Amino acid sequence: MLDNSILWRAGFARFTGSIGMGSVIPFLALFLYSVENLSPYVIGVIFSITYLTGMIFQPIGGRISDKHGEKITITAGLFVSFILYFAIWVFVSSGVSIILMITAYVMASLGSSLTYSPYYSLITKSSMGSPMKETFGIFRIIFNLGFIIGPIAGSIISLYRFSDIFLFASIFRLLELIVLILLVKTPARNRDLPSPNNTKAFTGVASRINRKLLFFSLSVMFLAMMGTQVQVSLPVFAFSTGGITIAEYGYIYSLNGLVVVAGQLLINRIFSKIGDMASMFAGIALYMIAFIIAGFSNAFLPLVGLIVIYSLGEDIVAPLENAIIGSFAPLRKLGFYISVKSSFWSAGNVLGPVVGSIIIFLLPFRYLVSWGIMDVFGVVSMIMFLAFRREALKGLSPLATAV
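Mapping to numbering that gives the first Met the number 0: the sequence shown position 1 is 0, numbers consecutive.
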């Protein structure tokens, strides 16, 4: 892995962009709530529409990546993101209709759709022969350094002129594009090679969504319905109940990147001895514990504990997701398989903000009960993963014992 130049160069490009994204992601819901005075329900709908747009374009991005190459697809996505985030800054600074700003943000998800799958496809193809979970873990460490810097930068910016977070994001999207063009070279792709860990049992799989991919993607979707609350319902809840300021949430959110950077390698080492199924269940369980704590997140310290525990769950689950996909996806369809999984992840993000807003802000439950209801999604995610494992065991391949 240390001699994998594409891993380090692509990671550095992603790190550059994540500084900008880290300055926006934790704050957008708070910006719409505190500056534009939108209700939590409207904010939830906006995020759902945004993720729905991303979900639609994810498979398209995967197809383009498989046909034309990862680098050119990522380049197009970054250029779109740069233009749209700059447009958002212009719209907000000029005081034009909020509808234009929201439309530009929704369309910015197109840029993300053209970058996510190709990045992970690029890492997978450059890492054949290396342990996938560890490789994806290192990739996450590199780019999550940006999610330490970005939220802190966003907190500082919010104290002066909140709208400048969008200008900051656009500048770093442009820098990511420049780094990608100058440093990252696409590896030689042999479309006749089998995928990293598969056997002949999987080489004839068509691009349609087979049962293994379906059940695994559904597991990811329900987990995403929980995870998206950290970006939407949680900051609005914590701010509206008086537990934190906007700047404080940025500082707390930076713990997410810090936990990834500090703990990812250790987590990989521990859970490499446990197996993928137990690891996935452990990660989902940490998500569930975090959202029980969310009932107390109208205070500073419980919110810190929530973010730390949630981030540890991410450390387990995030690299594992793409490693599992890489274990059974045919190489020639790798971008498509990753994009399908990403589409289901986006579907979870579509449903999560609306469902979360209804449960937290509309239903007449105490906050502890409302946040505890989120754990139902974790239970369903576990059930879907068990269904995936059952499908995987039907094939006579090393995957049957590896998952």
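By construction, the Cβ of each residue, glycine as well, lies at the ideal position given by its N, Cα and C atoms. Nothing here was measured: the structure is a model prediction, and the numbers come from that model.
Task: Integer Cβ distance of Lys70 from Leu179, believed to fall under 8 Å - done: Counting from one through the sequence shown, the residue named residue 70 turns up at place 71. Counting from one through the sequence shown, the residue named residue 179 turns up at place 180. With a Cβ gap of about 7 Å, Lys70 and Leu179 count as contacting.
Open item on the list: Is it buried or exposed, Ala293, if we count other Cβ atoms within 10 angstroms and call 16 or more buried?
Closed with: By one-based count along the sequence shown, residue 293 stands at place 294. Buried, because 16 or more other Cβ atoms sit within 10 Å of the Cβ of Ala293.
Task: Through-space distance from Leu51 to Ile346, alpha-carbon basis - done: Position 347 of the sequence shown, counted from the start, is the residue given in the question as residue 346. Position 52 of the sequence shown, counted from the start, is the residue given in the question as residue 51. Inspection of the sequence shows that residue 346 is occupied by Ala rather than by Ile. Roughly 6 Å between the two C-alpha positions.
Task: Rounded C-alpha distance that separates Ile5 from Arg13 - done: Looking up residue 5 in the sequence shown gives position 6. Looking up residue 13 in the sequence shown gives position 14. Each residue's alpha carbon lies about 12 Å from the other.
Task: Ser194 burial status per 10 Å Cβ neighbour count (16 or more: buried) - done: Position 195 of the sequence shown, counted from the first residue, corresponds to residue 194. Residue confidence for Ser194 is low, a pLDDT of 43 falling below 50, so the modelled location carries little weight and cannot support an answer.
Task: Option nearest Thr72 by Cα separation, candidates Leu121, Tyr84, Val89 - done: By 1-based counting over the sequence shown, the position of residue 72 is 73. Of the listed residues, the one whose Cα sits closest to Thr72 is Leu121.
TODO: Starting from the C-beta of Pro150, find all residues in its chain whose C-beta is less than 6 Å away, skip the five residues before and the five after it, and write them out in chain order.
DONE: Stepping through the sequence shown from its first residue, residue 150 is reached at position 151. Only Gly21, Pro25, Gly249, Tyr252, Ser253 meet the Cβ criterion.
Task: 4-residue-minimum alpha helix (DSSP H) runs that sit fully inside the segment 106 to 177, ordered along the chain - done: 115 to 125, 131 to 143, 145 to 157
Open item on the list: Once the 5 residues before and after Ser310 are set aside, which same chain residues still bring their CB inside 7 Å of it?
Closed with: The residue you call residue 310 lines up with position 311 of the sequence shown. Correct list, in chain order: Leu254, Asn255, Val258, Val259.
Open item on the list: Quick check: what's the CA-CA separation for Trp344 versus Arg139?
Closed with: Position 345 of the sequence shown holds residue 344. Position 140 of the sequence shown holds residue 139. Trp344 and Arg139: Cα-Cα distance of roughly 17 Å.
TODO: For the alpha helix (DSSP H) holding Glu313, just list the boundary residues, first then last.
DONE: As a working mapping, residue 313 is identified with position 314 in the sequence shown. For Glu313, the enclosing alpha helix (DSSP H) starts and ends at 299 to 327.
Open item on the list: With a threshold of 6 Å on Cβ separation, who are the neighbours of Leu173 within its own chain once the five nearest residues in sequence on each side are excluded?
Closed with: Here residue 173 refers to the residue found at position 174 when the sequence shown is read from its first residue. Cβ neighbours of Leu173 beyond the five flanking positions: Phe81.
Open item on the list: Once DSSP output is grouped into helix, strand and coil, what is the label at Asp275?
Closed with: As a position in the sequence shown, residue 275 is number 276, starting the count at 1. Helix.
Open item on the list: Cutting at 7 Å between CB atoms, please list the residues of its own chain near Leu109, excluding the five before and the five after it.
Closed with: The residue labelled residue 109 in the question sits at position 110 within the sequence shown. If we look at Leu109 and ignore the five residues flanking it on each side, its Cβ neighbours are Thr52, Phe56, Val79.
Task: Three-state secondary structure assigned by DSSP to Leu362 - done: Position 363 of the sequence shown, counted from the first residue, corresponds to residue 362. Of the three classes helix, strand and coil, the one that applies to Leu362 here is coil, per DSSP.
Open item on the list: Taking the alpha carbon of Gly282 as the reference point, which residue from Ile98, Ser33, Val219, Ser369 has its own alpha carbon closest?
Closed with: For this step, residue 282 is matched to residue 283 along the sequence shown. For Gly282, the nearest C-alpha among the options comes from Val219.
Open item on the list: Output needed for Phe387: all residues of its chain with C-beta closer than 7 Å, excluding positions within five of it in sequence on either side, in chain order.
Closed with: Within the sequence shown, the letter at position 388 stands for residue 387. Lys211, Phe214, Phe215, Ser218.
Task: Contact between the segment 294 to 305 and the segment 96 to 114 (3+ Cβ pairs under 8 Å) - done: no
Open item on the list: Going by DSSP in three states, Gln263 sits in which element: helix, strand or coil?
Closed with: Here residue 263 is taken as the residue at index 264 of the sequence shown, counted from 1. Gln263 falls in the helix class under three-state DSSP.
TODO: Name the residue from Ser154, Tyr104, Ile98, Phe11 whose alpha carbon lies nearest to the alpha carbon of Phe46.
DONE: Counting from 1 along the sequence shown, the entry for residue 46 is found at position 47. Residue Tyr104 is the option with its Cα nearest to Phe46.
TODO: Put Ile101 into one of helix, strand or coil per three-state DSSP.
DONE: By one-based count along the sequence shown, residue 101 stands at place 102. In the structure shown, Ile101 sits in a helix (DSSP, three-state: H, G or I).
Open item on the list: I want to know whether the segment 141 to 155 touches the segment 30 to 48 - three or more CB-CB distances under 8 Å.
Closed with: Segments in contact, no.
- [ ] Can you say whether Gly274 is buried or exposed, counting buried as having 16 or more other CB atoms within 10 angstroms of its CB?
- [x] To locate residue 274, count along the sequence shown from 1; it is residue 275. The residue is exposed, with fewer than 16 neighbouring Cβ atoms inside 10 Å.
Task: Endpoints, alpha helix (DSSP H) assigned at Lys66 - done: Locating residue 66 in the sequence shown gives position 67, where the first residue counts as 1. Run containing Lys66: 39 to 67, per the alpha helix (DSSP H) assignment.
Open item on the list: Taking 8 Å as the cut-off, does the segment 353 to 370 touch the segment 29 to 40 (at least 3 CB pairs, one atom from each stretch)?
Closed with: yes
Task: Val29, buried or exposed, once every other Cβ within 10 Å from all chains shown has been counted against 16 - done: In the sequence shown, the residue the question calls residue 29 occupies position 30. Sequence inspection shows Leu at residue 29; the Val mentioned does not correspond to that position. Answer is buried; the Cβ neighbour count reaches 16.
Open item on the list: Between the alpha carbons of Tyr406 and Gly355, how many angstroms are there, rounded?
Closed with: This structure leaves residue 406 out entirely; the chain is present only between 0 and 402.
Task: Continuous alpha helix (DSSP H) stretch holding Thr240: start and end - done: Taking the first residue of the sequence shown as position 1, residue 240 is located at position 241. Per DSSP, Thr240 belongs to no alpha helix (DSSP H) and is neither H nor E.
- [ ] Give the straight-line distance between the Cα atoms of Ile323 and Gly76, rounded to the nearest whole angstrom.
- [x] The sequence position of residue 323 within the sequence shown is 324, counting from 1. The sequence position of residue 76 within the sequence shown is 77, counting from 1. Cα to Cα, the separation comes out at about 25 Å.
Task: Through-space distance from Val34 to Ser342, alpha-carbon basis - done: Within the sequence shown, residue 342 is the residue found at index 343, counting from 1. Within the sequence shown, residue 34 is the residue found at index 35, counting from 1. One C-alpha to the other measures close to 31 Å.
- [ ] Round the Cβ separation of Val23 and Ala168 to the nearest angstrom and send it over; I've been treating them as touching at under 8 Å.
- [x] As a first step, residue 23 is located in the sequence shown; it is residue number 24 there, counting from the start. As a first step, residue 168 is located in the sequence shown; it is residue number 169 there, counting from the start. About 5 Å separates the two Cβ atoms, so the contact holds.
Open item on the list: Let's see if you can read the secondary structure: which residues bound the alpha helix (DSSP H) around Ile294?
Closed with: Locating residue 294 in the sequence shown gives position 295, where the first residue counts as 1. The sequence given here places Gly at residue 294; Ile does not occur at that position. Counting along the chain, Gly294 falls outside any alpha helix (DSSP H), and DSSP gives it neither H nor E.
Open item on the list: Please tell me whether Phe135 and Ser380 are closer than 7 Å, where the distance is taken between their beta carbons.
Closed with: Residue numbering aside, residue 135 sits at position 136 when the sequence shown is read from its first letter. Residue numbering aside, residue 380 sits at position 381 when the sequence shown is read from its first letter. Their beta carbons are not under 7 Å apart, which means Phe135 does not touch Ser380 by this criterion.
Open item on the list: Let's test the definition: count the other Cβ atoms within 10 Å of the Cβ of Ala277 and tell me whether it reaches 16, buried, or not, exposed.
Closed with: On the sequence shown, residue 277 is found 278 positions in, with the first residue counted as 1. When all chains shown are included, Ala277 counts as exposed.
Task: Buried/exposed call for Ile177, threshold 16 Cβ in 10 Å - done: For the purposes of this step, residue 177 is taken as the residue at position 178 of the sequence shown. Counting Cβ neighbours within 10 Å, Ile177 comes out exposed, since fewer than 16 surround it.
Open item on the list: Among the candidates Pro234, Glu133, Phe236, whose CA atom is the shortest distance from the CA of Asn321?
Closed with: Counting from one through the sequence shown, the residue named residue 321 turns up at place 322. Answer by Cα proximity: Glu133.
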